[in-house]
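Per this note's numbering, residue 7 is the first one in the sequence shown, and the count goes up by one each step.
C-beta: ideal position from N, C-alpha, C; glycine also.
Keep in mind it's a predicted model, so treat the numbers as computed, not measured.
Quick notes on the structure that follows.
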Amino acid sequence: MWIHDINPVALELGPLKVHWYGLMYLIGFAAAWWLGCVRAKRAGSGWTEQQVSDLIFWGAVGVIVGGRSGYVLFYNFEQFLQNPLWLFHVWEGGMSFHGGLIGVIVALWVFGRSQQKTLMEMGDFVAPLIPIGLGAGRVGNFIGGELWGRVTDHPWGVVFPRAGDLPRHPSQLYEFALEGVLMFIVLWWYSSKPKPRMAVSGLFLLLYGSFRSLVELVREPDEQLGFLAFDWLTMGQLLSLPMIIAGAVMMALAYRNESLKTG
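Set out below in structure tokens:
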């Protein structure tokens, strides 16, 4: 058993505090840019480094705006109704992956129109770039001592002081391993050779939805929501179900039309 006592602040410069969680976002965006440049150099990629830089900028806007909006609407809508301006209180924390995904999809669609690229073409290119950022974000959650797991008697349980005195699953690290490391390996390998259009995007949705639903079985549900049904269904699982279905359908449709390949 280990007691979590990591300082969430990485650097203090007078009144300015730089948190590890914010640095993890920077690491995620930087890694996505570098990996995107690597993919752009592949023969027949159809991408330039300038396009990758612009893509990451639009993606970052989508992540931040969509992630915050999604958290407010999906996880704390009642507080939003009481104080609509709370939507802009980003310094209080609160981001949703599913909201961020929607934000990125909208951002890609807008950016793609100016580049004469379809949404699926954009999605297939960007999907393998995302897991590193997801993994970094989960490390940030762990360092910040938030989004902890349920109580456990396993020897690797961690005591998060903000959650009480009992050891809990370090679910943030489970998500780091699955959504970050494993998903990156699978998607990078899978997309290393041309695949039918939409297949890479579909695999991303299928993997993330499955991994997130699995970890939700040991992750503590949000206090303000609790379990939605059956004493086990969480909001994270409910929002991941459409991803699993959409991902499976997209892959099936992609392989029905293998004539259109993506690099």
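#1: What's the C-alpha gap between alanine 66 and alanine 142?
#2: With DSSP as the reference, label proline 21 as helix, strand or coil.
#3: In the stretch 128-182, which residue ranges form an unbroken alpha helix (DSSP H) of at least 4 residues, counting only runs that do not cross its ends?
#4: What are the uninterrupted segments assigned as alpha helix (DSSP H) that are 4 or more residues long and contained completely in the stretch 74-119, given in chain order?
#5: Quick one: Cα of isoleucine 33 to Cα of isoleucine 136, how far?
#6: Work out the CA separation of serine 197 and tyrosine 261 for me, nearest whole Å.
#7: Exposed or buried, what is isoleucine 62 when buried is set at 16 or more other beta-carbons lying within 10 Å of its beta-carbon?
#8: For a test of the three-state rule: what should DSSP assign to arginine 48, helix, strand or coil?
#9: Does the stretch 176-194 touch the stretch 137-157, meaning 3 or more C-beta pairs lie closer than 8 angstroms?
#10: When the Cα of isoleucine 191 is compared with those of Lys199, Pro161, Ile138, which residue comes out closest?
#11: So, is glutamine 277 buried or exposed, given that buried needs 16 or more other C-beta atoms within 10 angstroms?
#12: For leucine 293 and alanine 183, I'd like the C-alpha separation in whole angstroms.
#13: Just how far apart, CA to CA, sit serine 207 and proline 21?
#14: Between leucine 209 and leucine 125, what straight-line distance do the alpha-carbon atoms span, to the nearest angstrom?
#15: From Arg74, Gly118, Lys123, Ser120, pick the residue whose C-alpha is nearest to that of glycine 109; which is it?
#16: Determine the closest residue to glycine 106 out of Ser216, Tyr31, Ser120, with distance taken between C-alpha atoms.
#17: Mark valine 116 as exposed unless 16 or more other C-beta atoms lie within 10 angstroms of its C-beta, in which case mark it buried.
#18: What separation, rounded to the nearest whole angstrom, lies between the Cα atoms of asparagine 263 and proline 161?
#19: For glutamine 271, is the classification buried or exposed, using 16 other Cβ atoms within 10 angstroms of its Cβ as the cut-off for buried?
#20: Mind checking lysine 47: buried by the 16 CB within 10 Å criterion, or exposed?
#21: Would you kindly check if the distance between the Cβ of glycine 42 and the Cβ of valine 58 is under 8 angstroms?
#22: Can the beta-carbon of glycine 129 be found less than 8 angstroms from the beta-carbon of leucine 140?
#23: With DSSP as the reference, label arginine 203 as helix, strand or coil.
#24: State buried or exposed for glutamate 84, treating a residue as buried only when at least 16 other CB atoms are found within 10 Å of its CB.
#25: Quick one: Cα of alanine 235 to Cα of proline 227, how far?
#26: Per DSSP, what kind of secondary structure is leucine 239 in: helix, strand or coil?
Taking the geometry as given:
#1: Here residue 66 corresponds to residue number 60 of the sequence shown, with the count starting at 1. Here residue 142 corresponds to residue number 136 of the sequence shown, with the count starting at 1. For alanine 66 and alanine 142, the distance between alpha carbons rounds to 15 angstroms.
#2: Working through the sequence shown from its first residue, we reach residue 21 at position 15. DSSP places proline 21 in coil when its eight states are reduced to three.
#3: 136-149, 177-181
#4: 83-88
#5: Here residue 33 refers to the residue found at position 27 of the sequence shown. Here residue 136 refers to the residue found at position 130 of the sequence shown. Approximately 11 angstroms between the Cα atoms of the pair.
#6: Indexing the sequence shown from 1 puts residue 261 at position 255. Indexing the sequence shown from 1 puts residue 197 at position 191. Spanning the two alpha carbons is a distance of roughly 14 angstroms.
#7: Sequence index remark: in the sequence shown, residue 62 carries index 56 (1-based). When all chains shown are included, isoleucine 62 counts as buried.
#8: As a working mapping, residue 48 is identified with position 42 in the sequence shown. If DSSP states are grouped into helix, strand and coil, arginine 48 belongs with coil.
#9: yes
#10: Start at 1 with the first residue of the sequence shown, and residue 191 comes out as number 185. It is Ile138.
#11: The question about residue 277 has no answer here: the residues shown for the chain are numbered 7 through 269.
#12: Nothing can be reported for residue 293: it is not among the residues displayed for the chain, which extend from 7 to 269.
#13: Locating residue 207 in the sequence shown gives position 201, counting from the first residue. Locating residue 21 in the sequence shown gives position 15, counting from the first residue. Their Cα atoms are separated by approximately 42 angstroms.
#14: Residue mapping note: residue 209 aligns to position 203 of the sequence shown, counting from 1. Residue mapping note: residue 125 aligns to position 119 of the sequence shown, counting from 1. Their Cα atoms are separated by approximately 15 angstroms.
#15: Taking the first residue of the sequence shown as 1, we reach residue 109 at position 103. The residue with the shortest Cα to Cα distance from glycine 109 is Arg74.
#16: Walking along the sequence shown from the start, residue 106 turns up at place 100. Minimum Cα distance to glycine 106 is reached at Tyr31.
#17: Numbered from 1 along the sequence shown, position 110 holds the residue referred to as residue 116. When all chains shown are included, valine 116 counts as exposed.
#18: The residue you call residue 263 lines up with position 257 of the sequence shown. The residue you call residue 161 lines up with position 155 of the sequence shown. Distance between the alpha carbons of asparagine 263 and proline 161 is about 49 angstroms.
#19: The first residue shown for the chain is 7 and the last is 269, placing residue 271 beyond what the model contains.
#20: Residue numbering aside, residue 47 sits at position 41 when the sequence shown is read from its first letter. Its Cβ having fewer than 16 others within 10 Å, lysine 47 is exposed.
#21: The residue labelled residue 58 in the question sits at position 52 within the sequence shown. The residue labelled residue 42 in the question sits at position 36 within the sequence shown. Yes, the pair counts as a contact, with Cβ atoms nearer than the cut-off.
#22: Here residue 129 is taken as the residue at index 123 of the sequence shown, counted from 1. Here residue 140 is taken as the residue at index 134 of the sequence shown, counted from 1. Not in contact: glycine 129 and leucine 140 (Cβ atoms no closer than 8 angstroms).
#23: Locating residue 203 in the sequence shown gives position 197, counting from the first residue. Coil, per DSSP.
#24: One-based indexing of the sequence shown puts residue 84 at position 78. By the 10 Å Cβ count, glutamate 84 comes out exposed.
#25: Residue mapping note: residue 235 aligns to position 229 of the sequence shown, counting from 1. Residue mapping note: residue 227 aligns to position 221 of the sequence shown, counting from 1. Rounded to whole angstroms, alanine 235 to proline 227 spans 12 angstroms at the Cα level.
#26: Counted from its first residue, the sequence shown places residue 239 at position 233. Leucine 239: strand per DSSP, three-state reduction.
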